[in-house]
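Numbering (the numbering used here), first residue to last: 31 to 443. Using N, Cα and C, we set each Cβ at its ideal position, and we do this for glycine too. Okay, structure first, notes after.
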């Protein structure tokens with residue numbers, strides 16, 4: 031698990047280094063911010079369409095082999111892009127094709143790597159392993175963004191793609207040597223074979239829809255993703271607008287958000303029994319903090335609120351991921367993650383435009399306050415409906431004429 035965490039850190043740093051440089055590259059080629067957004071959408075689109083197929087492949091194929099091959103293919107795509115950039119042969123069409131290929135391979139790679147990490151530890155330590163993964167992701171994101179500036183400044187744009195390709199090859203070379211800890215639940219090849227024709231995408235969809243806790247988790251995460259969490263958008267407008275700050279002020283806020291994310295990942299790694307109820311409670315608490323942040327009279331007050339907001343969001347994400355990856359039976363987990371990938375892509379593509387429209391109508395403060403109230407209200411209403419629908423126990427009062435030694439009638443009687 032230590033080797034896997036190191037490999038993931040290297041891979042995340044390389045990925046974020048490439049993503050940072052890719053946006054600059056698109057701007058350099060086209061000079062259009064809209065084209066930058068289009069390149070991001072092209073890379074995310076395959077997850078919307080074929081994530082369920084990628085999850086089915088993860089359930090059917092050996093997990094270590096699947097993860098190693100997908101990492102190697104992603105490395106080959108990164109190296110190809112690096113060569114084209116270095117030779118000044120890259121154009122918008124080839125960049126879009128390579129981004130789309132990356133998105134297709136990621137529909138297999140993401141669930142394979144997520145579940146491979148869980149296979150390395152005992153079942154009771156899976157939530158902690160997921161928390162460690164979240165911590166590695168946050169740290170890799172910070173390091174990758176910093177390395178992007180260094181790579182472009184000293185070695186040129188292609189260096190970021192070369193670095194990302196090397197990070198993928200590093201992960202692929204580590205995977206064959208991973209050994210599960212004592213007590214870890216290994217992927218049962220016989221169980222995969224026994225499922226036979228039932229190993230279908232439809233089975234994963236049916237399981238997801240029939241599990242109320244997964245549907246509730248999707249609802250909580252969805253409304254939080256659309257009306258909250260897009261702090262890179264809402265807080266940027268709030269800091270540079272009503273609070274009269276500049277780019278440096280927003281950089282400070284972004285740093286505090288990153289630190290809070292790391293602290294939240296550390297706390298999330300200590301979870302033992304995460305639940306949808308905990309995810310909902312944390313999401314509601316984060317929404318209320320968002321409301322208060324929207325009313326911040328000064329930058330100092332906003333910074334003081336941003337830290338707990340990021341901590342709560344990070345712990346909530348870790349708890350939700352743990353529920354998602356441990357609730358389904360082992361032979362269905364890849365397909366359930368595939369379904370989740372498609373749903374998450376809808377939120378990722380639809381959330382920023384919806385939030386942008388809300389900011390146009392209500393301003394940055396109004397968007398934060400309204401969004402927070404909508405999140406907290408929806409979670410509260412869902413909790414009340416769940417309590418009302420829960421069957422109440424039937425209590426039969428024992429009369430004075432009942433014999434004390436005779437048991438009372440059951441509800442069925």
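Asked: Rounded Cβ spacing between residue 198 and residue 44 (contact assumed at less than 8 Å); Found: 7 Å
Asked: Nearest residue (CA-CA) to residue 132, options 320, 271, 81; Found: 81
Asked: Rounded distance between the beta-carbons of residue 356 and residue 88, thought under 8 Å; Found: Not really, about 16 Å apart at Cβ, beyond 8 Å.
Asked: Whole-angstrom distance between residue 204 and residue 220, CA atom to CA atom; Found: With a pLDDT of 42 at residue 220, under the threshold of 50, the modelled position of that residue is not reliable, and the figure given next carries that caveat. Distance between the alpha carbons of residue 220 and residue 204 is about 25 Å.
Asked: Neighbour-count burial assignment, residue 76, 16 or more Cβ in a 10 Å radius; Found: buried
Asked: Separation of residue 60 from residue 382, as counted between CA atoms; Found: 22 Å
Asked: Three-state class that DSSP yields for residue 87 in the structure shown; Found: helix
Asked: Three-way DSSP call (helix, strand, coil) for residue 214 in this model; Found: strand
Asked: Residue 299 versus residue 99 - alpha carbon distance; Found: 29 Å
Asked: For residue 278 and residue 402, believed in contact at Cβ under 8 Å, the rounded distance; Found: Not confirmed; about 26 Å, so no contact.
Asked: Run of the alpha helix (DSSP H) containing residue 343, from where it starts to where it stops; Found: 329-356
Asked: C-beta atoms of residue 182 and residue 42 nearer than 8 Å; Found: no
Asked: Residue 121 classed as buried or exposed, judged by whether at least 16 other C-beta atoms fall within 10 angstroms; Found: exposed
Asked: Beta-bridge pairing of residue 24 - partner residues as DSSP gives them; Found: Because the chain in this structure spans residues 31 to 443, residue 24 falls outside the shown range and cannot be described.
Asked: Terminal residues of the alpha helix (DSSP H) in which residue 207 lies; Found: Counting along the chain, residue 207 falls outside any alpha helix (DSSP H), and DSSP gives it neither H nor E.
Asked: Same chain, Cβ closer than 6 Å to residue 225, neighbours up to 5 away in sequence not counted; Found: Here the model assigns residue 225 a pLDDT of 46, short of 50, so the residue's position is not dependable, and the following value carries that caveat. The answer, listed in chain order, is 361.
Asked: Whole-angstrom C-beta distance between residue 369 and residue 234, which should lie under 8 Å; Found: 6 Å
Asked: Cβ neighbour criterion (16 or more within 10 Å) applied to residue 33; Found: exposed
Asked: Same chain, Cβ closer than 6 Å to residue 253, neighbours up to 5 away in sequence not counted; Found: 405, 408
Asked: 8 Å Cβ cutoff met for residue 175 and residue 50; Found: yes
Asked: Residue 294 - DSSP class collapsed to helix/strand/coil; Found: helix
Asked: Residue 365 burial status per 10 Å Cβ neighbour count (16 or more: buried); Found: buried
Asked: Three CB pairs or more closer than 8 Å across the region 113-128 and the region 178-196; Found: yes
Asked: Cα-Cα separation, residue 310 to residue 259; Found: 14 Å
Asked: C-beta atoms of residue 125 and residue 69 nearer than 8 Å; Found: yes
Asked: Proximity of residue 214 and residue 149 at Cβ, strictly below 8 Å; Found: yes
Asked: Alpha-carbon spacing of residue 159 relative to residue 145, whole angstroms; Found: 10 Å
Asked: For residue 180 and residue 376, the rounded distance between their alpha carbons; Found: 34 Å
Asked: Sequence-distant residues of the same chain with beta carbon closer than 8 Å to residue 228, five excluded per side; Found: Unreliable placement is indicated for residue 228, whose pLDDT of 46 sits below 50; the coordinate value is still reported in the next sentence. No residues qualify anywhere along the chain.
Asked: Whole-angstrom C-beta distance between residue 367 and residue 141, which should lie under 8 Å; Found: 4 Å
Asked: Pick from 39, 58, 251 that is closest to residue 350, judged by C-alpha positions; Found: 251
Asked: For residue 302, three-class secondary structure by DSSP; Found: coil
Asked: Cα-Cα separation between residue 358 and residue 56, rounded to whole angstroms; Found: 40 Å
Asked: Selection from 171, 297, 52, 395 that minimises the alpha carbon distance to residue 327; Found: 395
Asked: Backbone CA spacing between residue 345 and residue 172 [nearest angstrom]; Found: 18 Å
Asked: CA nearest to the CA of residue 242, picked from 306, 262, 195; Found: 306
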